[in-house]
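Numbering (UniProt numbering), first residue to last: 1 to 682. Idealized CB from N, CA, C, for every residue including glycine. Just so you know, these numbers come straight off a predicted model, no measurement behind them.
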Ligand code: HDD
């Protein structure tokens with residue numbers, strides 16, 4: 001490949017540049033390029049007369065507007081994306097011939113879209129749901145899409161059940177409620193009648209379903225894929241994304257409140273982090289199982305309701321993705337991006353997982369209706385950065401002007417080109433797996449254990465995580481109107497853990513099951529968020545400041561927080577400047593009403609000696625709610641009175657003291673822990 005066509009970290013950005021348009025400062029024209037002289041009044045027969053058909057500017061403007069919307073994604077409609085770069089740590093040539101993994105330090109542009117699954121395009125983001133985590137690698141050998149989720153297991157084993165599962169979880173058809181929620185009868189009715197859902201439901205009821213940030217969750221390719229090396233040797237592989245900030249979650253009460261206070265909470269967080277230069281990073285990890293070991297495990301590798309415990313099959317970290325650029329236009333990029341689990345490059349191939357096999361059909365099919373025809377690969381965001389040539393022609397919105405007489409293969413007139421490339425020359429060769437069998441509609445016996453890994457997940461949770469799961473079940477089933485739905489669900493989950501199911505049963509008015517699983521079997525400590533990476537970096541602290549605050553000391557605390565990469569926002573009674581005792585000034589970022597304690601990771605109360613009654617009331621609310629959500633609370637000087645009034649002193653994660661002393665260091669240590677579950681909350 002010559003220098004000009006070499007693919008690097010900036011290749012996609014350079015390609016997109018050809019399509020960008022800056023309208024500011026330009027003359028207004030029609031789409032035909034004709035300058036427009038008036039854009040406020042339609043053309044009429046007399047000032048008070050009817051509008052005239054010949055008003056081409058009105059017609060064009062209105063027609064375009066009338067056609068602005070496209071169908072939202074049937075699932076994952078609500079999403080947000082960013083550009084970035086993937087860098088390989090080392091060569092994986094011994095495992096795969098995929099070139100983007102073949103060389104230490106090799107950089108490949110990527111585009112990542114995070115999403116919720118069930119909600120419509122405008123729904124709230126902090127709902128209880130799986131999060132999509134879809135990555136498009138623009139490699140020199142074509143686009144590779146890793147279309148994953150933030151949970152390693154799926155709800156069903158065979159793609160033929162996907163429409164049923166999605167119908168069950170989406171709003172109920174007779175009244176279109178509830179929006180972006182699984183807490184309703186049809187989902188739980190589906191669950192009890194399709195018990196392969198057990199393991200994924202345990203994840204959905206856990207804290208993983210409430211990520212604090214898209215930046216603070218892991219991603220999973222879910223299925224077993226194949227790596228194939230240049231010698232044709234195949235290994236099964238599972239892909240894992242590991243956030244360098246660790247995996248952290250909201251609590252349910254907080255998540256519900258954020259849905260009202262800031263329905264864009266997760267996208268705002270991602271957008272602002274990138275704008276601030278706090279680029280989200282995820283390491284790519286692979287779990288490898290040699291083909292000959294396929295049957296050595298107590299689960300079937302082809303079953304997407306099973307994870308590969310990392311204590312048994314370790315994760316090898318092979319590279320890092322950094323998201324470093326927000327999109328220019330959400331519709332053009334985030335909405336029109338078309339992912340496909342079947343977009344692979346030489347060196348990556350499929351397994352026979354029946355869920356994956358069905359996905360290979362569904363993704364192109366859905367893009368045809370969503371993006372209006374077969375040319376969606378020509379949209380700027382979807383174009384590969386390497387050249388592409390074939391004999392496909394025409395269709396709605398075709399942009400490529402294919403020159404020449406020939407559009408068929410084989411041909412003589414164009415010297416039989418474009419010509420297939422041999423595998424040695426980079427042509428994709430499907431892995432030659434030996435197959436034999438009868439055509440059957442059946443589920444393999446090895447897919448029939450639905451509860452062992454669900455129980456492993458439960459057994460691996462810390463005490464607070466278990467409590468949250470019980471609360472989640474109690475909320476979700478409590479929202480189901482039909483008693484039989486609640487009863488069937490608790491009876492089913494007794495197979496995961498009897499005590500858990502009995503507690504939930506009592507909470508939701510069902511009959512506690514008498515028998516079930518009481519064994520504490522296998523555990524996988526890596527599944528507990530207690531064991532995740534903990535860092536204060538990029539956490540957001542709300543600081544309550546009133547006029548006359550202790551400015552010198554507070555400035556020192558701010559410096560200490562910022563030095564550790566924390567974000568500080570000043571909250572006060574009114575917008576404008578807030579002035580300290582010694583004349584130091586800070587600009588207020590938010591008033592008590594435009595912000596809210598649920599939007600911060602920690603609250604630092606300072607106040608001042610002479611705050612108003614309203615200030616005092618709001619400060620007490622901020623501190624109290626942060627405390628109830630197990631967040632770190634810090635107070636110095638006059639801020640202490642709200643801590644004392646609420647009897648919070650000495651509780652875990654409540655840091656008081658002099659801003660001159662060890663306060664800042666102690667407060668940062670408390671923030672590093674994320675939440676203080678050992679706190680006594682009434
Ligand atoms: Fe899917 C979208 C992830 C099973 C059919 N899926 C979609 C997206 C993600 C996933 C992240 C959003 C991509 C984007 O941001 O544009 N899907 C998964 C995972 C699955 C899974 C991790 C199981 C391991 N999906 C799955 C099955 C089917 C589909 C079994 C159907 C047979 N998925 C679709 C779809 C979507 C989609 C209907 C809707 C919008 C789109 O594709 O582009 O084709």
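By how many angstroms is the C-alpha of residue 315 removed from the C-alpha of residue 4? For the purposes of this step, residue 4 is identified with residue 4 of the chain shown, where counting begins at 1. For the purposes of this step, residue 315 is identified with residue 315 of the chain shown, where counting begins at 1. Because the pLDDT of residue 4 is 46, which lies under 50, any placement of that residue in the model is unreliable, and the question is left without a value.
Residue 28, buried or exposed, once every other Cβ within 10 Å from all chains shown has been counted against 16: Here residue 28 corresponds to residue number 28 of the chain shown, with the count starting at 1. With fewer than 16 Cβ atoms within 10 Å of its Cβ, residue 28 is classed as exposed.
Identified DSSP bridge partners for residue 35: Locating residue 35 in the chain shown gives position 35, where the first residue counts as 1. Its beta-bridge partners are 29.
Where residue 613 falls, given that 16 or more other Cβ within 10 Å makes a residue buried: Locating residue 613 in the chain shown gives position 613, counting from the first residue. Exposed is the call here.
Would you please state the rounded distance, in angstroms, between the beta carbons of residue 245 and residue 538? I believe it to be under 8 Å. Taking the first residue of the chain shown as 1, we reach residue 245 at position 245. Taking the first residue of the chain shown as 1, we reach residue 538 at position 538. Residue 245 to residue 538, Cβ: 7 Å. Contact.
Cβ distance (whole Å) where residue 109 is taken to contact residue 85 below 8 Å: Within the chain shown, the letter at position 109 stands for residue 109. Within the chain shown, the letter at position 85 stands for residue 85. Confirmed, Cβ separation roughly 6 Å.
Do three or more CB pairs link the stretch 163-171 to the stretch 414-431 at distances below 8 Å? no
Can you tell which of 403, 21, 484 and 255 has its C-alpha closest to the C-alpha of residue 191? Walking along the chain shown from the start, residue 191 turns up at place 191. The residue with the shortest Cα to Cα distance from residue 191 is 484.
If you scan the stretch 324-352 from start to end, which runs of the beta strand (DSSP E) of 3 or more residues do you find wholly inside it? 348-350
What number of angstroms, rounded off, separates the C-alpha of residue 257 from the C-alpha of residue 598? The residue given as residue 257 occupies position 257 in the chain shown. The residue given as residue 598 occupies position 598 in the chain shown. Their backbone Cα atoms lie some 7 Å apart in a straight line.
Between the CA atoms of residue 224 and residue 354 - distance to the nearest angstrom: Stepping through the chain shown from its first residue, residue 354 is reached at position 354. Stepping through the chain shown from its first residue, residue 224 is reached at position 224. Computed Cα separation, rounded: 11 Å.
For residue 190, the three-state DSSP class (helix, strand or coil): Counting from one through the chain shown, the residue named residue 190 turns up at place 190. Three-state result, residue 190: helix.
Separation of residue 637 from residue 605, as counted between CA atoms: As a working mapping, residue 605 is identified with position 605 in the chain shown. As a working mapping, residue 637 is identified with position 637 in the chain shown. In this structure, the alpha-carbon of residue 605 lies about 9 Å from that of residue 637.
Looking at residue 218 and residue 237, is the spacing between their C-beta atoms short of 8 Å? As a first step, residue 237 is located in the chain shown; it is residue number 237 there, counting from the start. As a first step, residue 218 is located in the chain shown; it is residue number 218 there, counting from the start. Contact flag unset, no.
Would you mind reading off the limits of the alpha helix (DSSP H) that contains residue 260? As a first step, residue 260 must be located in the chain shown, where it is residue number 260. Residues 252-261.
At what residues does the alpha helix (DSSP H) containing residue 62 begin and finish? Residue 62 sits at position 62 when you count from the first residue of the chain shown. 56-66 is the span of the alpha helix (DSSP H), which, as asked, contains residue 62.
So residue 542 is in the alpha helix (DSSP H); what residue range does that whole segment cover? As a position in the chain shown, residue 542 is number 542, starting the count at 1. Segment 540-545 is the beta strand (DSSP E) holding residue 542; no alpha helix (DSSP H) there.
Helix, strand or coil for residue 413 per DSSP? As a working note, residue 413 is residue 413 in the chain shown. Residue state, collapsed to three classes: coil.
Please work out which residues of its chain come closer than 8 Å, Cβ to Cβ, to residue 312, disregarding the five sequence neighbours upstream and downstream, and give them in chain order. Here the question's residue 312 lines up with position 312 in the chain shown. The residues are 297.
Quick check on residue 728: buried or exposed, where buried means 16 or more other Cβ atoms within 10 Å of its Cβ? For residue 728 there is no data in the structure shown, the boundaries of the chain being 1 and 682.
Specify the secondary structure class of residue 357 as computed by DSSP and reduced to three states. As a working note, residue 357 is residue 357 in the chain shown. Looking at residue 357 - three-state DSSP - the assignment turns out to be helix.
Where the beta strand (DSSP E) through residue 284 begins and ends: Counting from 1 along the chain shown, the entry for residue 284 is found at position 284. That run of the beta strand (DSSP E) goes 281-290.
Can you give me the Cβ contacts of residue 15 inside the same chain, cut-off strictly under 8 Å, excluding the 5 residues immediately before and after it? Numbered from its first residue, the chain shown carries residue 15 at position 15. Closer than 8 Å at Cβ, skipping near neighbours: 380, 383 and 385.
Cβ neighbours of residue 1 in the same chain (closer than 6 Å, five flanking residues each side left out): The residue given as residue 1 occupies position 1 in the chain shown. Here the model assigns residue 1 a pLDDT of 38, short of 50, so the residue's position is not dependable and the matter cannot be decided.
Given a threshold of 16 other Cβ atoms within 10 Å of its Cβ, counted over all protein chains shown, does residue 18 qualify as buried or as exposed? Here the question's residue 18 lines up with position 18 in the chain shown. Counting Cβ neighbours within 10 Å, residue 18 comes out exposed, since fewer than 16 surround it.
Are the stretch 91-106 and the stretch 123-131 touching by the rule of at least three beta carbon pairs closer than 8 Å? No, they do not touch.
Whose C-beta lies closer than 8 Å to the C-beta of residue 50 among residues of the same chain, with five residues either side of it excluded? Here residue 50 is taken as the residue at index 50 of the chain shown, counted from 1. The residues are 44.
Measuring alpha carbon to alpha carbon, tell me which of 667, 134 and 369 ends up nearest residue 69. Walking along the chain shown from the start, residue 69 turns up at place 69. Of the candidates 667, 134 and 369, the one whose C-alpha sits nearest the C-alpha of residue 69 is 369.
Which runs of the alpha helix (DSSP H), 4 residues or longer, sit entirely within the stretch 129-169? The qualifying runs are 162-169.
Quick check on residue 377: does DSSP put it in helix, strand or coil? Numbered from 1 along the chain shown, position 377 holds the residue referred to as residue 377. Note: residue 377 maps to helix in three-state DSSP.
Touch check for the stretch 503-511 and the stretch 468-477: three-plus C-beta pairs under 8 Å? yes
Quick check: is any heavy atom of ligand 1 less than 7 Å from the C-beta of residue 223? Mapped onto the chain shown, residue 223 falls at position 223. Because some heavy atom of ligand 1 lies under 7 Å away, the Cβ of residue 223 counts as near it: yes.
My output table needs one value for residue 685: the three-state DSSP class, helix, strand or coil. Since the first and last residues shown for the chain are 1 and 682, residue 685 lies out of range.
Considering only heavy atoms of ligand 1, does any lie closer than 7 Å to the CB of residue 455? Locating residue 455 in the chain shown gives position 455, counting from the first residue. Checking the Cβ of residue 455 against ligand 1 gives no.
Exposure of residue 668, with buried meaning 16 or more beta-carbon neighbours within 10 Å: Translated into positions along the chain shown, residue 668 becomes position 668. Buried, because 16 or more other Cβ atoms sit within 10 Å of the Cβ of residue 668.
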